[in-house]
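In terms of this note's numbering, the sequence shown has 189 at position 200, counting the first letter as 1, and numbering is strictly consecutive.
Every residue gets a Cβ at the ideal spot worked out from N, C-alpha and C, and that includes glycine.
Everything on this sheet refers to the single structure shown next.
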Amino acid sequence: MTTFADGAELKDALRRHDYIADDEFAVVVHLATVLDRPLLLEGPAGVGKTELAKALAAAGGRKLVRLQCYEGLDDSRALYEWDYAKQLLHVQMLRDRIGDRLAAYPDIADASRFLAEQDFGLYSEAFLAVRPLLEAVLSPEPVVLLVDEVDRTEESMEALLLEILAERQITIPEVGTFTARSAPWVILTSNDTRELSAALKRRCLHYHVGYPTPEREREIVTARAPEVPAATAADVVEFARTLRDLPLRKSPSISEVIDAARAATVLNAHTAPGAVPDGAVRNVRDILLAALLKYTGDVTLARTRLDGAPEPAAQTRPDEPVAGEHPTERVTVASRPANTTTAVFRGRGGGGDAARVGARR
Ligand SMILES: Nc1ncnc2c1ncn2[C@@H]1O[C@H](COP(=O)(O)OP(=O)(O)O)[C@@H](O)[C@H]1O
Ligand SMILES: [Mg+2]
């Protein structure tokens, strides 16, 4: 098990597990581990929230205990439930002995009263089916507890979480109260589909994970898909950035960029430079669009914009997208200077780089 002196040391450790964090994020994660506070990560899907918990567990030499949240998640899936099959088996094995004893009570009511008074040990720790929250509390070795996609559960689940995070203990009426046997590092994630309760937020350190800078995203692609040449990674990252400026239903996430970069690398390997038939460049682009975008409407919109079709929104001031602006008011591809769009398909000046996806030469 490992602890980290500061954010920089943690960042390096995460890097060794192929997780690329920026300085600020690494400092926040480090603080959460030192201050013993749960860390709540919010942000769009696919920006590395879940992966952070996995990488942190690997870097810290801790087991990852994961509670995946969903609508309808209840105590029996989050905390514990009684292992009914095991209890039944136990009783069956005792059946003959119980039968002998019951023979002394010919009257049913007496027999029933006798049974009720017996303790068969069925409600003890041995018959618990332990679920993630209880597992984290019971573990003698400290773990990383990942409560993934909290926003998918109902608020009642949040209340239960709060109680456990605050008290670090779980009470099972039949058995008693378990207090945490070691201090877990707790990571909660939310994809921002609903606002979490103020109480939960107050309990946690909070960090918003957004899309990475181009440098960091290139680094991520190279870490996750080492076979992708640097120039291809750069092109695909740039292309994804262009798409993220569009008012799409679902912007390309990091995982999609990695997939697209892999696809581009394969396509590129099969496309001899100079032998690109007319139309092939557009085909490559369309395949990448399919890897990066998940909705037909988004693909259509992206194609229209990339092909430079006139759009009223193209009149907006170029290169001044402001975070939080209404998406339709954002700068559009058509308004960008032509040489900064989709270098993937046009090739960039001075080229000579065989790795460039679909570059004309
Ligand atoms: N900072 C990062 N470093 C390395 N890989 C990353 C990073 N961020 C995202 N990824 C990649 O993107 C994928 C999706 O990230 P994930 O953590 O599942 O997203 P989410 O934010 O939805 O939980 C990961 O499996 C990983 O391959
Ligand atoms: Mg996730």
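- Taking 7 Å as the cut-off, one finds no heavy atom of ligand 2 near enough to the beta carbon of residue 181.
- With contacts defined as CB atoms closer than 8 Å, residue 241 and residue 223 fail to qualify as a contacting pair.
- Contact between the region 131 to 142 and the region 177 to 185 is present, with at least three C-beta pairs closer than 8 Å.
- In this structure, ligand 2 has a non-hydrogen atom nearer than 7 Å to the beta-carbon of residue 137.
- The residue among 290, 113 and 160 with its C-alpha nearest the C-alpha of residue 126 is 160.
- Here the C-alpha atom of residue 110 lies approximately 29 Å from the C-alpha atom of residue 131.
- If you check the C-beta of residue 213 against ligand 1, you find a heavy atom less than 7 Å away.
- Comparing alpha-carbon positions, the option among 172, 275, 198 and 53 lying closest to residue 15 turns out to be 198.
- Following the DSSP letters along the chain, one finds residue 76 inside the alpha helix (DSSP H) bounded by residues 73 to 91.
- Distances from the CA of residue 129 to each of 146, 143 and 167 were compared; the closest alpha carbon is that of 167.
- In this structure, 191 is the residue among 191, 49 and 172 with its C-alpha nearest to the C-alpha of residue 151.
- Around the C-beta of residue 40, 16 or more other C-beta atoms lie within 10 Å, and the residue is accordingly described as buried.
- Separation of residue 171 and residue 185 (C-alpha to C-alpha, rounded to the nearest whole angstrom) is 27 Å.
- Where residue 195 is concerned, the enclosing beta strand (DSSP E) starts and stops at 194 to 197.
- In this structure, ligand 2 has a non-hydrogen atom nearer than 7 Å to the beta-carbon of residue 38.
- At least one heavy atom of ligand 1 lies closer than 7 Å to the C-beta of residue 244.
- Contact between residue 226 and residue 206 holds, with the beta-carbon distance rounding to 5 Å and staying under 8 Å.
- Under the three-state reduction of DSSP, residue 143 is assigned to coil, being neither helix nor strand.
- Contact between residue 46 and residue 52 holds: their C-beta atoms lie close to 7 Å from each other, under 8 Å.
- Put simply, the region 13 to 28 touches the region -5 to 2. At least three CB pairs are less than 8 Å apart.
- By the neighbour-count definition (other C-beta atoms within 10 Å, threshold 16), residue 162 is an exposed residue.
- When DSSP states are grouped into helix, strand and coil, residue 244 belongs to the helix group.
- Its chain contains 280 as the residues whose beta carbon lies nearer than 6 Å to that of residue 248, once the 5 sequence neighbours on both sides are disregarded; these appear in chain order.
- Between the C-alpha atoms of residue 78 and residue 70 there is a straight-line separation of about 16 Å.
- Residue 170 sits in coil when the DSSP states are folded into three classes, being neither helix nor strand.
- With 16 or more other CB atoms across the displayed protein chains lying within 10 angstroms of its CB, residue 294 is buried.
- Residue 34 has its CB nearer than 7 Å to a heavy atom of ligand 1.
- Annotation: residue 234 is outside any alpha helix (DSSP H) and is labelled neither H nor E by DSSP.
- Taking residue 116 as the centre and dropping the five residues before and after it, the same chain places the C-beta of 71, 72, 75 and 76 closer than 7 Å to its C-beta, in chain order.
- In this structure, the beta-carbon distance from residue 56 to residue 122 falls below 8 Å.
- The three-state secondary structure of residue 283, taken from DSSP, is coil.
- Between residue 114 and residue 164, the C-beta gap is smaller than 8 Å, which places the two residues in contact.
- In the three-state reduction of the DSSP assignment, residue 7 falls in the coil class, being assigned neither a helical nor a strand state.
- Per the coordinates, the alpha-carbon of residue 215 lies some 42 Å from the alpha-carbon of residue 149.
- Going by DSSP, residue 56 is part of the beta strand (DSSP E) stretching over 52 to 57.
- With a contact defined as Cβ atoms closer than 8 Å, residue 243 and residue 35 qualify at about 6 Å.
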